[in-house]
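Down below is the structure, laid out as structure tokens.
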Amino acid sequence: VEAERAGIARDYPRWVEAQGGERPDLKRLRAGLAKDEALLAVMPAFDGVYLLAVGAGGVRVERAAMDRAALVALVGRLRGSLSPAGFDRAAAETLYAQIFTPGVRATLSKAQVLRIVPTGAFASLPFAMLPQRPIAAGRPDWLVQRFAVEVQPGFGESAARPVRVAARTQTFLGVGAPQGYASAEAVPAVPRFRSGASALAALPPLPGSLAELQAVAKRYGPRHATLMIGAEASEAALQNRDLSAYGVILFATHGLVSGEMEGVSEPALVLGDGLLTASEVAAMRIGADWVILSACNTAAGDHAQAPAYSGLAQAFRYAGAGSLLVSHWPVRDDAGAFVTLETVKGARRGLPRAVALQRAMLKLMRSDRPDAAQPYIWAPFILMER
115 VEAERAGIAR DYPRWVEAQG GERPDLKRLR AGLAKDEALL AVMPAFDGVY
165 LLAVGAGGVR VERAAMDRAA LVALVGRLRG SLSPAGFDRA AAETLYAQIF
215 TPGVRATLSK AQVLRIVPTG AFASLPFAML PQRPIAAGRP DWLVQRFAVE
265 VQPGFGESAA RPVRVAARTQ TFLGVGAPQG YASAEAVPAV PRFRSGASAL
315 AALPPLPGSL AELQAVAKRY GPRHATLMIG AEASEAALQN RDLSAYGVIL
365 FATHGLVSGE MEGVSEPALV LGDGLLTASE VAAMRIGADW VILSACNTAA
415 GDHAQAPAYS GLAQAFRYAG AGSLLVSHWP VRDDAGAFVT LETVKGARRG
465 LPRAVALQRA MLKLMRSDRP DAAQPYIWAP FILMER
């Protein structure tokens, strides 16, 4: 086994990096946290769900009061209940109480940014929308109002983060609004979701994606921004372009999960001449410090039973991407464009990306957009760090 692992590490170094690299000890884990950061790991095991909290308040390890099966079932209940009309409040409140115990909260008390390492079923849990107090008690108090949240797929990333290119000097590539699925017309009165259909021809246009790409490109300026839109948003054109030259890449189009469309056996992004699949992404060479997947279900797994982040997100990590902005479920066109632009604007002003995303989500839920206060609209967005 060790010989095989050594061979994989030699021949496929990016695979090793994508698995989290070397696992640090607790001392290195704490050293990797900034003064305003804390880490929370939620790990299901055979005999329960374990919690590891690391912050300025020390280190705490607990086992959740409820057993693993019950907590995993609650995650499934919450995810299954989410819709623009509401969600299972009892499931969300119980999950918060089980994970954010008094001891865990005390350990995290001085942090502003919370790095979460979720494993198993908890990788699909939208932590940002967990209520910090019973919703019936009055105005909702979401976790995103307390912490800027970022997700890490493992512990290796916490030990030493790579030095990234300054946000103000990065070059930008925007890909999307493919011909046939976008329009320069005004956004329709009833917003559309960036999700699939029975055939490519049946996919609705996404006017918001074109405006989103143009607005983000404007933030970087004509000298530092390149757009591949309309007929240029094609798989062939993308594969012929050197993607290592761009610091930030944004895809704004339809996203498909495995099995959502007949003949699609893996997650994919829709382009003008077909699909860019996860396996095709994994074979690319991307040097971007930040990849934004403004599409539906981009945090989903390779298939229905696969863990979260094992599909497009993992493929972009294999390809060399740094941070990822992905989504847990179908994203509404206007909400996706709003969150992307506001997050980029915040990052361009020098905010940490997690904080920029937090402020974008809070601004969206306070906006006058239809149903914007519902978690289904603002909560799918996840910042996934290397």
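Just so we're aligned: the sequence shown equals residues 115 to 500 in our numbering. Note that CB positions come from ideal geometry on N, CA and C, so glycine has one too.
Among the options, the one whose alpha carbon lies nearest that of residue i
i      : options                           : result
SER559 : GLY415, ALA409 and LEU465         : Residue 559 lies beyond the range of the chain shown here (115 to 500); nothing can be said about it.
GLY425 : ARG431, GLY369 and ASP416         : ASP416
ARG203 : PHE236, GLU394, PRO245 and ASP181 : PRO245
VAL445 : GLN328, ASP485 and ARG462         : ASP485
ALA427 : GLU394, GLU456 and VAL453         : GLU394
SER358 : VAL330, ALA414 and THR285         : THR285
ASP403 : GLN259, ALA329, LEU287 and THR208 : LEU287
LEU523 : VAL175, GLY369, ALA449 and PRO336 : Because residue 523 is not part of the residues shown, which for the chain are 115 to 500, the question remains open.
ARG247 : ALA211, VAL227 and ARG193         : ALA211
LEU471 : LYS459, LEU341 and TRP443         : LYS459
PRO574 : ARG229, PRO489 and PRO494         : Because residue 574 is not part of the residues shown, which for the chain are 115 to 500, the question remains open.
PRO318 : GLU207, GLU380 and VAL384         : VAL384
GLU75  : ALA179, PRO216 and ILE230         : Because the chain here runs from 115 to 500, residue 75 falls outside it and cannot be looked at.
Span separating the alpha-carbon of residue i from that of residue j
i      : j      : result
LEU147 : ALA382 : 34 Å
LEU478 : ALA487 : 8 Å
ALA298 : GLY386 : Low confidence applies here, because ALA298 scores a pLDDT of 44, under 50, leaving its location unreliable; read the following figure in that light. Roughly 16 Å separates the two Cα atoms.
PRO232 : ALA155 : 6 Å
SER323 : LYS332 : 14 Å
VAL362 : GLU456 : 15 Å
ALA123 : LEU439 : 27 Å
ALA345 : ILE491 : 30 Å
GLN259 : VAL371 : 30 Å
ARG282 : VAL173 : Caution is warranted here: a pLDDT of 48 is assigned to ARG282, below 50, making its placement in the model unreliable, and the coordinate value is therefore given only provisionally. C-alpha separation (whole angstroms): 36 Å.
ARG483 : TYR126 : 46 Å
HIS368 : GLU207 : 32 Å
TRP443 : ASN354 : 31 Å
LEU188 : LEU257 : 17 Å
ALA291 : LYS149 : 41 Å
LEU327 : PHE201 : 31 Å
MET157 : ILE496 : 19 Å
THR340 : ALA435 : 18 Å
Residue i - containing beta strand (DSSP E), residue span
i      : result
THR233 : Taken as a continuous stretch (DSSP letters only), THR233 belongs to no beta strand (DSSP E), as it is neither H nor E.
MET342 : 339 to 344
VAL173 : 172 to 177
PRO292 : 286 to 292
MET157 : 151 to 159
ILE249 : No beta strand (DSSP E) holds ILE249; DSSP gives it neither H nor E.
C-beta atoms of residue i and residue j nearer than 9 Å
i      : j      : result
GLN293 : ALA347 : yes
ALA235 : VAL265 : no
ALA329 : ALA474 : no
LEU196 : VAL163 : no
ALA220 : GLY171 : yes
LEU222 : ALA145 : no
Where the alpha helix (DSSP H) through residue i begins and ends
i      : result
GLY460 : 447 to 462
TRP443 : Counting along the chain, TRP443 falls outside any alpha helix (DSSP H), and DSSP gives it neither H nor E.
MET398 : Per DSSP, MET398 belongs to no alpha helix (DSSP H) and is neither H nor E.
LEU192 : 182 to 195
PRO421 : No alpha helix (DSSP H) holds PRO421; DSSP gives it neither H nor E.
TRP256 : Where TRP256 is concerned, there is no enclosing alpha helix (DSSP H), given that its DSSP letter is neither H nor E.
LEU143 : 140 to 145
ALA565 : Outside the modelled stretch of the chain, which goes from 115 to 500, sits residue 565, for which no answer is possible.
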